[in-house]
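J.: Right, I'll just put the structure down here and ask away after.
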Amino acid sequence: MKNKLHQMECTITEVKMDAKTGEFTCYGNVKGNVDHAMDKTMNGAYIESIKAHKAAGTMPGMFWMHKSFDLPVGVWVDMEEDA
Numbered sequence: 089m090k091n092k093l094h095q096m097e098c099t100i101t102e103v104k105m106d107a108k109t110g111e112f113t114c115y116g117n118v119k120g121n122v123d124h125a126m127d128k129t130m131n132g133a134y135i136e137s138i139k140a141h142k143a144a145g146t147m148p149g150m151f152w153m154h155k156s157f158d159l160p161v162g163v164w165v166d167m168e169e170d171a
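Here my numbering is used: position 79 in the sequence shown is 167, and no number is missing along the way.
Pasting the structure below:
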């Protein structure tokens, strides 16, 4: 994934946060919803991307409002696609 930029929109629907550590758990995308670009996320949509990141020991950047050329607002600790 070197030298490639993938911009994706993630709607956050549920967040669990630990105020002491600043860590949070949330859904970055919910399957079955249609977004403003008329895209619909289906089961398995992120499996290959997650597998590639885990194999490379990387995580996607975490940016405020998708501004990928700004400084990151945090780091991902783990990611997975659930059922």
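Beta carbons: idealized from backbone N, C-alpha and C, even for Gly.
1. Check the DSSP bridge columns for Gly132 and list the partner residues they point to.
2. What is the residue span of the beta strand (DSSP E) that Met167 lies within?
3. One question on the structure: do Glu169 and Ile135 come within less than 8 Å of each other, judged by their Cβ atoms?
4. Answer yes or no: do His154 and Pro148 have a C-beta to C-beta separation smaller than 8 Å?
5. Short of 7 Å in beta carbon distance, which residues of its chain neighbour Val122, apart from the five on each side in sequence? Order them along the chain.
6. Which of the three DSSP states, helix, strand or coil, is assigned to Met126?
7. The beta strand (DSSP E) that contains Thr113, what's its start and end?
T.: Taking the structure as given:
1. Gly132 is not bridged to any residue.
2. Met167 -> no beta strand (DSSP E), and no H or E assigned at all.
3. Inclusion of Glu169 and Ile135 in the CB contact set at 8 Å is warranted, their separation being smaller than that value.
4. Contact: no.
5. Lys128
6. coil
7. Phe112 to Cys114
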